[in-house]
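Number of protein chains: 2
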Amino acid sequence: MDRTNSPKAGRGALEPRQGAQAIRRALAVLRILAAGREDGVPLAEVIQATGLTRPTVHRIVHVLIEEGIVERNARSGRYAIGNQVPELALARPRPSRLLVAANPSLRRASAEIGDTLFLTARTGNDTLCVDRRIGVYPIQVLSIEVGARRPLGVSSAGVAILAAMPAQDARKIVAANEKRFEAYRTDTATVLGEVTAARRLGYGMRETGLVQGTKSISTWIKTPDGRPAAAMTVSAVRTRLGPRREQEVAEILLREARIIEQAIGG
Amino acid sequence: MDRTNSPKAGRGALEPRQGAQAIRRALAVLRILAAGREDGVPLAEVIQATGLTRPTVHRIVHVLIEEGIVERNARSGRYAIGNQVPELALARPRPSRLLVAANPSLRRASAEIGDTLFLTARTGNDTLCVDRRIGVYPIQVLSIEVGARRPLGVSSAGVAILAAMPAQDARKIVAANEKRFEAYRTDTATVLGEVTAARRLGYGMRETGLVQGTKSISTWIKTPDGRPAAAMTVSAVRTRLGPRREQEVAEILLREARIIEQAIGG
DNA sequence: TCGTTCTGTCCATAATATGGACAAGAACGC
DNA sequence: GCGTTCTTGTCCATATTATGGACAGAACGA
Chain A
1 MDRTNSPKAG RGALEPRQGA QAIRRALAVL RILAAGREDG VPLAEVIQAT GLTRPTVHRI
61 VHVLIEEGIV ERNARSGRYA IGNQVPELAL ARPRPSRLLV AANPSLRRAS AEIGDTLFLT
121 ARTGNDTLCV DRRIGVYPIQ VLSIEVGARR PLGVSSAGVA ILAAMPAQDA RKIVAANEKR
181 FEAYRTDTAT VLGEVTAARR LGYGMRETGL VQGTKSISTW IKTPDGRPAA AMTVSAVRTR
241 LGPRREQEVA EILLREARII EQAIGG
Chain B
1 MDRTNSPKAG RGALEPRQGA QAIRRALAVL RILAAGREDG VPLAEVIQAT GLTRPTVHRI
61 VHVLIEEGIV ERNARSGRYA IGNQVPELAL ARPRPSRLLV AANPSLRRAS AEIGDTLFLT
121 ARTGNDTLCV DRRIGVYPIQ VLSIEVGARR PLGVSSAGVA ILAAMPAQDA RKIVAANEKR
181 FEAYRTDTAT VLGEVTAARR LGYGMRETGL VQGTKSISTW IKTPDGRPAA AMTVSAVRTR
241 LGPRREQEVA EILLREARII EQAIGG
């Protein structure tokens with residue numbers, strides 16, 4: 001595609017190291033498959049989401065199957081992350097810094113608020129739900145589970161994270177995710193609008209969550225270097241989050257987000 | 001290297017699907033890095049273990065770093081499995097079939113025996129410690145942790161697994177691991193000898209574990225299709241495992257291994 | 001039966017990944 | 001300070017590899 005064409009290619013800092021197209025493509029495929037969780041993803045969707053051609057995706061996926069990195073559901077024909085990925089993951093020490101740092105805040109906020117709380121980390125151009133706390137209120141929004149992965153921009157957590165980074169970076173990520181928005185019934189313009197709104201508010205908000213009739217509020221959590229690494233979200237049925245309570249909840253989330261930032265920094 | 005040279009390449013069943021050398025190599029590198037756990041592995045060792053050339057390994061490793069799949073320890077310069085691998089792993093439902101099936105047996109055997117118990121799964125050409133139970137006896141062998149990964153053949157669990165598969169398959173795997181044995185101070189001949197001995201005994205045994213003065217006994221666990229998928233191991237200081245007690249312990253392990261096989265099969 | 005929509009395969013070709021050779025940096029001895 | 005021996009990192013001509021257009025087969029529904 002459009003490699004820098006000047007032969008000496010001004011070593012422009014972010015020049016992305018060539019000689020590994022295939023590996024990068026394989027990883028792109030893997031990340032799409034990860035978003036499909038246990039159910040997996042049909043080949044056609046991988047093709048659409050990555051923008052690669054059919055033979056290429058087919059070849060990559062099947063090599064990964066031979067290697068045990070991907071599995072194919074015999075019934076549905078869909079492709080999913082395989083056994084060997086968690087096995088490789090065992091090489092890393094168990095609980096992430098973020099999870100440890102956020103734990104007390106999640107407990108506190110969950111007790112105070114009573115609705116479902118989510119901790120969502122940024123990973124590349126995706127958001128990844130890494131923790132969830134169920135509150136005491138009898139109606140809980142449980143649609144999102146730990147491990148859920150979506151393109152940055154389609155959830156209130158993703159919007160919050162985008163809002164907390166330089167506008168230019170956010171635009172780049174949104175552009176990169178463009179092909180994937182379709183599957184979530186949104187588009188670049190909508191997402192950018194929400195991001196701007198979140199930046200003004202100081203937190204992310206969605207009147208319509210991924211489930212009809214739900215509303216979500218998210219605050220971003222930054223690492224010491226100032227870049228947003230995660231978001232803390234409350235989801236509830238819309239009637240539970242009127243303007244007054246929205247304000248209350250947002251204040252709690254903002255307070256706890258700052259505490260988590262301290263815990264990470266120390 | 002030696003690709004089948006006849007142009008039409010008799011589709012010989014196991015013909016390993018071409019067009020993905022780079023991806024396969026990247027995965028080979030990843031698996032070596034996984035064996036290095038948190039500490040990581042120096043580049044030279046990856047080169048030695050994979051048999052690839054320096055520029056190739058270097059390129060692969062650095063692309064994987066850019067992608068977040070690999071991390072480099074700034075102090076030691078060693079390379080290790082990165083953050084994004086556990087993140088991808090979250091896409092899979094948590095506890096493996098084996099872990100669930102083996103749980104009661106591990107509890108029972110641990111109570112009965114009193115020494116440290118390990119559950120070790122086979123993954124490709126490696127063994128991977130997936131569970132560990134500490135017994136009541138005051139001296140416990142704790143050198144191996146959950147997540148530890150070693151070439152099939154260097155531990156008693158690996159020997160047991162090799163012993164439980166057709167001799168030809170075992171030889172192939174041992175040959176494939178040859179380059180890596182050096183780092184564990186063993187070699188092909190020694191390993192094959194131990195495998196033969198284990199086949200005769202009915203279980204794997206090592207008079208000298210990876211730690212001086214320890215002894216290990218392992219039984220294999222087969223899936224319904226008859227292929228060994230894991231091993232159950234007891235490790236203890238050598239004096240705790242005289243001939244008499246070796247017999248006792250082996251019988252318990254063999255009994256529980258059969259129970260686990262039933263549980264997987266059902 | 002035919003259309004539609006999915007997955008899988010072939011193979012000439014362009015572009016990619018390769019690795020020999022070289023460079024740069026770090027650690028040690030003297 | 002200067003050689004020696006480690007290590008890791010980079011260059012670039014080249015052959016090997018991965019690519020994708022075009023085609024084929026399978027599954028489903030009308």
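Protein chains in written order, with the UniProt record's numbering: chain A, 1 to 266; chain B, 1 to 266. We put the CB at the ideal spot given by N, CA and C, even for glycine.
Contact check, residue i vs residue j, beta carbons under 9 Å
i: A:R54; j: A:I65; result: no
i: A:T116; j: A:R150; result: no
i: B:A121; j: B:S143; result: no
i: B:G19; j: A:V63; result: yes
i: B:R238; j: B:K215; result: yes
i: B:V146; j: B:D131; result: yes
i: B:N177; j: B:G204; result: no
i: A:I134; j: A:S105; result: no
i: A:L162; j: A:I217; result: no
i: A:V211; j: A:V141; result: yes
i: residue 276 of chain B; j: B:Q48; result: Since the first and last residues shown for chain B are 1 and 266, residue 276 of chain B lies out of range.
i: A:V41; j: A:A80; result: yes
i: A:V46; j: B:V85; result: no
Distance between residue j and residue i (C-alpha atoms, nearest Å)
i: A:R255; j: A:A263; result: 13 Å
i: B:A13; j: B:A164; result: With a pLDDT of only 39 at B:A13, under the threshold of 50, the placement of this residue in the model should not be trusted; the figure read from the coordinates follows. Cα to Cα, B:A13 sits roughly 24 Å from B:A164.
i: B:R17; j: A:R78; result: 20 Å
i: A:L90; j: B:R31; result: 11 Å
i: A:T196; j: A:A157; result: 14 Å
i: A:A189; j: A:V234; result: 25 Å
i: A:P93; j: B:E87; result: 13 Å
i: B:A22; j: A:V29; result: 15 Å
i: A:L201; j: A:A148; result: 26 Å
i: B:G242; j: B:A101; result: 30 Å
i: B:R59; j: A:Q247; result: 51 Å
i: A:R11; j: B:A236; result: Per-residue confidence for A:R11 stands at a pLDDT of 33, beneath the threshold of 50, marking its modelled position as unreliable; the derived number appears in the next sentence. When rounded, the distance between both Cα atoms is 57 Å.
i: B:T208; j: B:V191; result: 13 Å
i: A:R24; j: A:E38; result: 23 Å
i: A:A257; j: B:K222; result: 49 Å
i: B:R171; j: A:V70; result: 27 Å
i: B:M232; j: B:R107; result: 12 Å
i: B:V174; j: A:A229; result: 44 Å
i: B:L52; j: A:E251; result: 55 Å
i: B:A26; j: B:V61; result: 8 Å
i: A:G213; j: A:R244; result: 18 Å
i: B:T56; j: B:I113; result: 48 Å
i: B:A198; j: B:L119; result: 18 Å
i: A:S155; j: A:A74; result: 31 Å
i: A:L98; j: B:E261; result: 39 Å
Continuous alpha helix (DSSP H) stretch holding residue i: start and end
i: B:G193; result: T188 to L201
i: B:P228; result: Here B:P228 belongs to no alpha helix (DSSP H); instead the beta strand (DSSP E) covers P228 to V237.
i: A:D126; result: Unbroken run through A:D126 is the beta strand (DSSP E), D126 to R133; no alpha helix (DSSP H).
i: B:T50; result: L43 to T50
i: B:Q262; result: P243 to G265
i: B:Q18; result: Counting along the chain, B:Q18 falls outside any alpha helix (DSSP H), and DSSP gives it neither H nor E.
i: A:R54; result: R54 to E66
i: A:S156; result: S156 to A163
Contact list for residue i against chain A, beta-carbon separation under 8 Å
i: B:H62; result: R17
i: B:I69; result: L27
Proximal chain B residues relative to residue i, where beta-carbon distance stays under 8 Å
i: A:E91; result: Note on identity: in this sequence residue 91 of chain A is Ala, with Glu being the wrong assignment. Those within 8 Å of A:A91 in chain B are L33, A34, A35, G36, R37, E38, A80, I81, V85, G147 and R149.
i: A:L128; result: E87 and L90
Limits of the unbroken beta strand (DSSP E) element including residue i
i: B:E71; result: V70 to R72
i: A:R150; result: R149 to P151
i: B:I173; result: Counting along the chain, B:I173 falls outside any beta strand (DSSP E), though it belongs to the alpha helix (DSSP H) covering A167 to F181.
i: A:G204; result: G204 to R206
i: B:T217; result: Before going on, a small fix: residue 217 of chain B reads as Ile here, not Thr. From DSSP, the beta strand (DSSP E) with B:I217 extends over T214 to K222.
Where residue i meets chain B, residues with beta-carbon distance less than 7 Å
i: A:I173; result: Ordered by position in chain B, no residue passes the 7 Å Cβ test against A:I173, which lies about 14 Å from the chain.
Residue i: contacting residues in chain A (beta-carbon distance under 7 Å)
i: B:A26; result: I23
i: B:I134; result: Simply none; closest approach about 17 Å.
i: B:L30; result: L88
i: B:R59; result: G19 and A20
i: B:L192; result: None at all; the shortest Cβ gap to chain A is about 25 Å.
i: B:T123; result: Q84 and E87
- Query: Fully enclosed by the region 75 to 120 of chain A, which beta strand (DSSP E) runs are 3 residues long or longer?
  - Reply: 79 to 81
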